[in-house]
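Numbering (the UniProt record's numbering), first residue to last: 1 to 345.
Where is the CB? At the ideal position from N, CA and C, for every residue including glycine.
The structure displayed is predicted, hence computed values, not measured ones.
Working notes, structure below.
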Ligand SMILES: [Zn+2]
Ligand SMILES: [Zn+2]
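Here it is as structure tokens:
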């Protein structure tokens, strides 16, 4: 299949507005109109599917996070031959060392969580040999005489800075209930408004976890009705996060299917992808403003853009599907663990 086609699909983006959790526009094409610096010829895009970094209440007793438990299932069903050392909890920790280690884990074993494009064409993903990453790094940094270790270190530096880059503050929320709660929980793990914080704070809409929602779900509730009801009922004076949680916690909730909306919206953020698009600056005589707007690493400056895509609404049946998946994951995890123990003995 022509990878250009896949790339254009990515641009059918959606934007989520959730107060502090408003996600960025899709930026697969780099805007360079206002950049006066001389840029390299090629644009590189790094797509990361971060998965779920938030552990809701009923999942705290799980032995590992959903992503890590799913590795056992993927191994058992032959979808992968080697399990990943990536864990979304580390990426969403905001901790510099852990985030950088997560990026290296994704490079080592990309599965469907990392892809690198050059001018819209895939140059690195799970179908490539990991030795091919060296050539890709050389092209990104436009450098021949630097060791791979140094290239990877600078790559992680650029990606870390993009993921934790502070962004413009969003319009103030009048309620400050649940968006305030997020701030209390997350503390100062992230610079305000960075992309990791925005995605995580949408994931945090699911406070209870699948088990709770699955228990209260009845078969009478329609697949998609909640989407329209949500648009009709939301109070525009609050950020969407506060509006959504105030609405669903209200005793006079008229439309019962809205109880499930926080879970289903969080599920969208659990499956979204982010795209970092970057182009190296050739000439480094930059003025102060230009330098501030760019991302700097040991091997130079980059013009970057960050986007989020794959924000499609999920049907009500997602809840049943997730509950079945979790049961299966726990079962496979136990069996794999027991057979490992047998091998050791
Ligand atoms: Zn994990
Ligand atoms: Zn709010």
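Check your understanding: Excluding the five sequence neighbours on either side, which residues of its own chain have a C-beta within less than 6 Å of the C-beta of residue 334, listed in chain order?
Key -> Position 334 of the chain shown, counted from the first residue, corresponds to residue 334. There are no such residues.
Practice item. Locate the beta strand (DSSP E) running through residue 162, then write down its first and last residues. Key: In the chain shown, counting from the first residue as 1, residue 162 sits at position 162. Unbroken run through residue 162 is the alpha helix (DSSP H), 148–163; no beta strand (DSSP E).
Exercise for review: Within its chain, find whatever has a CB closer than 8 Å to the CB of residue 58; leave out the 5 residues flanking it on each side and keep chain order.
Suggested key: Working through the chain shown from its first residue, we reach residue 58 at position 58. Result list for residue 58: 208, 209, 210, 211 and 212, in chain order.
Check your understanding: Taking the C-alpha atoms as reference points, what is the distance between residue 152 and residue 174?
Key -> Indexing the chain shown from 1 puts residue 152 at position 152. Indexing the chain shown from 1 puts residue 174 at position 174. Cα-Cα distance, rounded: 44 Å.
**Study point:** Host beta strand (DSSP E) of residue 305 (start-end)
**Key:** The residue given as residue 305 occupies position 305 in the chain shown. Its beta strand (DSSP E) spans residues 300–309.
Exercise for review: Could you work out which residue in 122, 96, 54 and 60 is closest to residue 360 when comparing CA atoms only?
Suggested key: The structure shown has nothing for residue 360, since the chain only spans 1 to 345.
Exercise for review: Give me the Cα-Cα distance between residue 305 and residue 279, rounded to the nearest whole angstrom.
Suggested key: As a working mapping, residue 305 is identified with position 305 in the chain shown. As a working mapping, residue 279 is identified with position 279 in the chain shown. The alpha-carbon atoms of residue 305 and residue 279 are separated by roughly 9 Å.
**Study point:** Neighbourhood of residue 176 by C-beta, 6 Å cutoff - its chain only, sequence neighbours within 5 removed
**Key:** As a first step, residue 176 is located in the chain shown; it is residue number 176 there, counting from the start. Hits under 6 Å: none found.
Check your understanding: Taking contact to mean at least 3 C-beta pairs separated by less than 8 Å, is the segment 319–336 in contact with the segment 182–191?
Key -> no
Review point. What whole-angstrom Cβ distance do residue 281 and residue 300 have, given they're in contact under 8 Å?
Key: Numbered from 1 along the chain shown, position 281 holds the residue referred to as residue 281. Numbered from 1 along the chain shown, position 300 holds the residue referred to as residue 300. Contact flag correct, Cβ pair sits at about 6 Å.
Point to revise | For residue 82, the three-state DSSP class (helix, strand or coil) | key: As a working note, residue 82 is residue 82 in the chain shown. Three-state DSSP puts residue 82 in coil, outside helix and strand.
Review point. In this structure, does DSSP put residue 26 in helix, strand or coil?
Key: On the chain shown, residue 26 is found 26 positions in, with the first residue counted as 1. Reliability fails at residue 26, whose pLDDT of 41 lies under 50, so the model's placement of it is uncertain and the value that follows must be treated cautiously. Coil, per DSSP.
Check your understanding: Hey, out of 309, 254, 64 and 321, whose CA is closest to residue 90's CA?
Key -> Against the chain shown, residue 90 aligns to sequence position 90. Measuring from the Cα of residue 90, the nearest candidate turns out to be 64.
**Study point:** Contact test: residue 88 Cβ vs ligand 1 heavy atom, cutoff 7 Å
**Key:** Working through the chain shown from its first residue, we reach residue 88 at position 88. Residue 88: yes, Cβ under 7 Å from ligand 1.
**Study point:** DSSP-derived helix/strand/coil call for residue 239
**Key:** Sequence index remark: in the chain shown, residue 239 carries index 239 (1-based). In the structure shown, residue 239 sits in coil (DSSP, three-state: anything other than H, G, I, E or B).
**Study point:** Nearest-angstrom Cβ-Cβ length linking residue 273 and residue 66, presumed shorter than 8 Å
**Key:** As a first step, residue 273 is located in the chain shown; it is residue number 273 there, counting from the start. As a first step, residue 66 is located in the chain shown; it is residue number 66 there, counting from the start. Not really, about 17 Å apart at Cβ, beyond 8 Å.
Exercise for review: Use the C-beta contact count for residue 187: other C-beta atoms within 10 angstroms, 16 or more gives buried, fewer gives exposed.
Suggested key: Indexing the chain shown from 1 puts residue 187 at position 187. With fewer than 16 other Cβ atoms within 10 Å, it is exposed.
Exercise for review: On the DSSP bridge assignment, give the partners of residue 275 in chain order.
Suggested key: Position 275 of the chain shown, counted from the start, is the residue given in the question as residue 275. In the DSSP output, where bridge partners are listed per residue, residue 275 has 47 and 307.
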